Amino acid sequence: AQKITQTQPGMFVQEKEAVTLDCTYDTSDQSYGLFWYKQPSSGEMIFLIYQGSYDEQNATEGRYSLNFQKARKSANLVISASQLGDSAMYFCAMRELLSNDYKLSFGAGTTVTVRA
Amino acid sequence: DTGVSQNPRHKITKRGQNVTFRCDPISEHNRLYWYRQTLGQGPEFLTYFQNEAQLEKSRLLSDRFSAERPKGSFSTLEIQRTEQGDSAMYLCASSAPGQANTEAFFGQGTRLTVV
Chain H
20 AQKITQTQPG MFVQEKEAVT LDCTYDTSDQ SYGLFWYKQP SSGEMIFLIY QGSYDEQNAT
80 EGRYSLNFQK ARKSANLVIS ASQLGDSAMY FCAMRELLSN DYKLSFGAGT TVTVRA
Chain D
36 DTGVSQNPRH KITKRGQNVT FRCDPISEHN RLYWYRQTLG QGPEFLTYFQ NEAQLEKSRL
96 LSDRFSAERP KGSFSTLEIQ RTEQGDSAMY LCASSAPGQA NTEAFFGQGT RLTVV
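Following this line, the structure appears as structure tokens:
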């Protein structure tokens, strides 16, 4: 079974500063994918960034970057230049094989609060 | 709006009553997922459809839960004889056919409170 661990229940960050959200994973698969989602108070899960296990470069999407360390099995999310609208829960997820397709398995999440 | 739509957004029901939720995925998406999210936790997989076929069900999905996707478009999730432990956010997601890195698009969820 695969497992996603997010050890930071909550974090505070000053506006315009960077914040790193930790994610470690456990899998015996050679091919896998890692996702980060943002969930504001409205409830919708918003896709942020994807990293494939064979991707040689760390993924980046605007102010989001993924620090992928395969040997350590970690996929930390870095949010640069934090904005007040970044306050939300953030979930790390791994693509997990179903019988003939895939599903996402999520960590417990990290609540980020951006202070003005 | 062409995103994933879920109705109702909120549902309060008495213990023992039946409830039904609806999910309208993005139109060209053939994959549809239901997840359950309790307070302070990440979403947990419940079930998966590819077109109209329900291909996978989690052990979390007890006999009181049933999901359908009759024409491969919208889906319904029904909970019979609700219990207080069923109180949670029920999220629906859809994704397009193709590569495994295809992101799943989520609806805003249905928040169920069983009193």
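So the sequences go chain by chain: H and D. Mapping of the first sequence onto this note's numbering: residues 20 to 135, in sequence order. Mapping of the second sequence onto this note's numbering: residues 36 to 150, in sequence order. Built from N, CA and C at the ideal position, the CB exists for glycine as well. Just so it is clear, the structure is predicted and the values come from calculations on it, not from any experiment.
Check the DSSP bridge columns for residue i and list the partner residues they point to.
i, result
"D/L74", "DSSP lists no partner for D/L74."
"H/R134", "H/Q33"
"D/V149", "D/T48"
"H/M113", "H/L53, H/S124"
"D/A102", "D/L112"
"H/Q58", "H/M108"
"H/A78", "In the DSSP output, where bridge partners are listed per residue, H/A78 has none listed."
"D/M124", "D/Q72, D/R146"
"H/L96", "H/L40, H/L85"
If you reduce the DSSP assignment to three classes, tell me which class residue i lands in.
i, result
"D/Q119", "helix"
"H/G52", "strand"
"H/L103", "helix"
"D/N65", "coil"
"H/M108", "strand"
"D/Q85", "strand"
"D/E79", "strand"
"H/C42", "coil"
"H/A90", "coil"
"H/S118", "coil"
"D/V39", "coil"
"D/S93", "coil"
"H/T24", "strand"
"D/N53", "coil"
"H/T129", "strand"
"D/G107", "coil"
"H/V73", "Residue identity differs from the one stated: residue 73 of chain H is Tyr in this sequence, not Val. Residue state, collapsed to three classes: coil."
"D/S129", "strand"
If contacts are defined as beta-carbon pairs under 8 Å, then residue i and residue j qualify, I think. What distance do you get, rounded to the angstrom?
i, j, result
"D/T48", "D/T117", "6 Å"
"H/Q102", "H/V133", "7 Å"
"H/T129", "H/Q27", "5 Å"
"H/L123", "H/F54", "7 Å"
"D/C58", "D/Q41", "5 Å"
"D/F141", "D/L126", "6 Å"
"H/F125", "H/A112", "5 Å"
"H/I98", "H/L85", "Contact doesn't hold; Cβ gap of about 11 Å is too wide."
"D/H64", "D/R146", "Rounded, the Cβ-Cβ distance is 23 Å, inconsistent with contact."
"H/L96", "H/C42", "7 Å"
"D/A102", "D/S93", "About 11 Å separates the two Cβ atoms, so there is no contact after all."
"H/K89", "H/Y44", "Actually they do not touch by this definition, with Cβ atoms about 10 Å apart."
"D/S122", "D/R66", "At roughly 27 Å, the Cβ-Cβ gap does not stay under 8 Å, so D/S122 and D/R66 are not in contact."
"D/K106", "D/E87", "6 Å"
"D/G144", "H/G62", "4 Å"
"H/A100", "H/R114", "Rounded, the Cβ-Cβ distance is 29 Å, inconsistent with contact."
Residues of the stretch 116-133 of chain H with a CB closer than 8 Å to any CB of chain D: list them in chain order, please. Taking a C-beta cut-off of 8 Å against chain D, the contacting residues of the stretch 116-133 of chain H are L117, S118, N119, D120, Y121, K122, L123, S124, F125, G126, A127, G128, listed in chain order.
Which residues, in chain order, does the stretch 115-147 of chain D contribute to contact with chain H at a C-beta distance below 8 Å? M124, L126, A128, A135, N136, E138, A139, F140, F141, G142, Q143, G144, R146
If contact means a Cβ-Cβ distance below 7 Å, which residues of the stretch 97-109 of chain D contact chain H? none
Contact residues within the stretch 51-75 of chain H, judged by C-beta distance below 8 Å to chain D: G52, F54, Y56, S61, G62, E63, M64, I65, F66, Y69, G71
In chain order, what residues of the stretch 100-115 of chain H put their CB closer than 7 Å to some CB of chain D? Answer set for the stretch 100-115 of chain H: F110, R114.
Quick one, which residues of the stretch 75-94 of chain D are near chain H if we go by CB-CB under 8 Å, in chain order? Those would be G75, Q76, G77, P78, E79, F80, Y83, Q85, L90, E91, in chain order.
Give the residues from the stretch 43-73 of chain D that approach chain H closer than 9 Å (Cβ to any Cβ), ordered along the chain. R44, R66, Y68, Y70, Q72
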